[in-house]
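Peer 1: Every number in our numbering is 19 more than the matching position in the sequence shown, counting from 1. C-beta atoms are modelled at their ideal positions from N, C-alpha and C, and glycine is treated no differently. Pasting a structure below so you can have a look.
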Amino acid sequence: MSPAKTPFLVCVFRAHILAVRYVYLTSLVITMSINELDILLTYKCNFECDHCFVYSTPDAKGVMKISGIKAILKEAEKIGSIEWVYFEGGEPVLYYPIMLWGLREAKRLGYKTGFITNAYWATSVEDAKEWLRPICEIGVSDVVISDDALHYGKEEENLAKYAYQAAKELGLPVSTIMIEDPKEYLVGKEWKGEPVTEGAVLFKGRAAEKLVEGLPRKPWEELDKCLDEDFSDQKRVHIDPFGYVHVCQGITMGNMKKTLLSALFETFNPYTHPICGPILKGGPAELVRQYHIKHEEGYVDECHLCYCTRLKLRKMFPEILAPDQIYGVIP
């Protein structure tokens, strides 16, 4: 064999290997074992927190109607693996009657139910009990309350504590989410490969814009794994008022207003998905490499690099990296 032919044959062999790998991945039957549906009832919130994943504001658009909840629950019955239905936002209690309807209907259909709230409504323990009594009567399985300085500050009256006490006194299963202020736990710290601490901010959404200044950064090429989601073994999805089905906030598998949720689950292949595929292969750093994205030398965490990269890919994948709300494009 002449030396001139060797490089050509090597290229042919490599192309063949890549083609075989592509055929293999596209032929994989991915069985999604989703057991939790998180219904994003609204993007609207009375707060505008710096750490919010979804850029919620008091003026945000997008509210799910009862008809939308009905469609989700109908599809959940088809899917068969769903155990939990959560209501979140934004702040779902802003649409209290609709949230109650959804909790009641999901419970009637046999699902365990829960909701996440910032407890803006808990002006006292006594008042909070009145808000929670109908929820108690439904038999909700989980009440999750945001209780941290990023919501209430250190000096303000903390309504979350009233809500927590009221829930405990009523016998509701209740827990809290406490997010630490990164300006306190990260400034002056040097990264040495340790995992993200419990309660830490994930730097996506508004946090990628508002909270990264002055924080230590890791070299971008070291951010080679997603620490928050495993797309190859997805256990939950978020469904928003516009119909988008998120495997992570802002990364969608499609829109259930265009394709039935059960059909989306049947056809979703994370390995060939244009965003999930590279992340499974090599984390957010692989997104940068695969699409030749201009980047900074360092980022605060994996979510920070992923989010900044996705911002630059939105024109290429407008229906996958959606909706505008999550990327700070608010009309």
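#1: For the structure I just gave you, are there three or more beta carbon pairs, one from the stretch 293-301 and one from the stretch 98-116, closer than 8 Å?
#2: Pull the bridge partners of residue 194 from the DSSP assignment, please.
#3: DSSP on residue 133, reduced to helix/strand/coil?
#4: Given a threshold of 16 other Cβ atoms within 10 Å of its Cβ, counted over all protein chains shown, does residue 257 qualify as buried or as exposed?
#5: Look at the Cβ atom of residue 63, then the Cβ atom of residue 113, and state whether they are nearer than 8 Å.
#6: Kindly identify the DSSP beta-bridge partner or partners of residue 56.
#7: Quick one: what's got a C-beta closer than 7 Å to residue 345's C-beta in the same chain, skipping five residues either side?
#8: If you compare alpha carbons, which of 124, 115, 339 is closest to residue 152?
#9: When the distance is taken between beta carbons, is residue 135 closer than 8 Å to residue 105?
#10: Using only CA atoms, which one of 92, 90, 101 lies nearest to residue 253?
#11: When DSSP labels each residue in this structure, what does residue 317 get in the three-state scheme?
#12: With distances taken between CB atoms, is the gap from residue 53 to residue 88 smaller than 8 Å?
#13: Whole angstroms are fine: how far does the CA of residue 191 sit from the CA of residue 228?
#14: Quick check: the Cα distance between residue 158 and residue 126, rounded to an integer number of angstroms?
#15: State the Cα-Cα distance for the pair residue 293 and residue 149, rounded to the nearest angstrom.
#16: CA-CA distance, residue 181 and residue 166?
#17: Using DSSP's beta-bridge definition, name the partner residues of residue 267.
#18: Leaving out the 5 sequence neighbours to the left and right, which residues in its chain are closer than 6 Å to residue 337 when beta-carbon positions are compared?
#19: Alpha helix (DSSP H) containing residue 286: first to last residue?
#20: Check the DSSP bridge columns for residue 238 and list the partner residues they point to.
#21: Can you look up residue 82 in the DSSP assignment and give me helix, strand or coil?
#22: Tell me which residue opens and which closes the alpha helix (DSSP H) that residue 147 is part of.
#23: Residue 319: buried (16+ other C-beta within 10 angstroms of its C-beta) or exposed?
#24: Assign residue 232 to buried or exposed, taking buried as 16 or more other Cβ atoms, counted over all protein chains shown, within 10 Å of its Cβ.
#25: Report all residues from its chain with a CB closer than 6 Å to the CB of residue 144; omit the five preceding and five following residues, and keep chain order.
#26: Please report the distance separating the alpha-carbon of residue 281 from that of residue 176.
#27: What three-state label does DSSP hand residue 63 in the structure shown?
#28: Return the residue from the list 142, 178, 124, 327 that minimises the CA-CA distance to residue 154.
Peer 2: Inspection of the coordinates gives the following:
#1: no
#2: 163
#3: strand
#4: buried
#5: Cβ distance < 8 Å, so residue 63 and residue 113 count as in contact.
#6: Beta-bridge pairing links residue 56 to 104, 256.
#7: 73, 74, 224, 268, 269
#8: 115
#9: Result yes, Cβ atoms of residue 105 and residue 135 sit closer than 8 Å.
#10: 101
#11: strand
#12: no
#13: Here the alpha carbons of residue 191 and residue 228 stand approximately 36 Å from one another.
#14: 8 Å
#15: When rounded, the separation of the alpha-carbon atoms in residue 293 and residue 149 is 47 Å.
#16: 10 Å
#17: 270
#18: none
#19: 280-286
#20: Partner(s): 317.
#21: strand
#22: For residue 147, the enclosing alpha helix (DSSP H) begins and ends at 144-157.
#23: Under this definition residue 319 is a buried residue.
#24: Exposed: under 16 other Cβ atoms inside 10 Å.
#25: 181, 184, 185
#26: 44 Å
#27: Note: residue 63 maps to strand in three-state DSSP.
#28: Closest by alpha carbon: 124.
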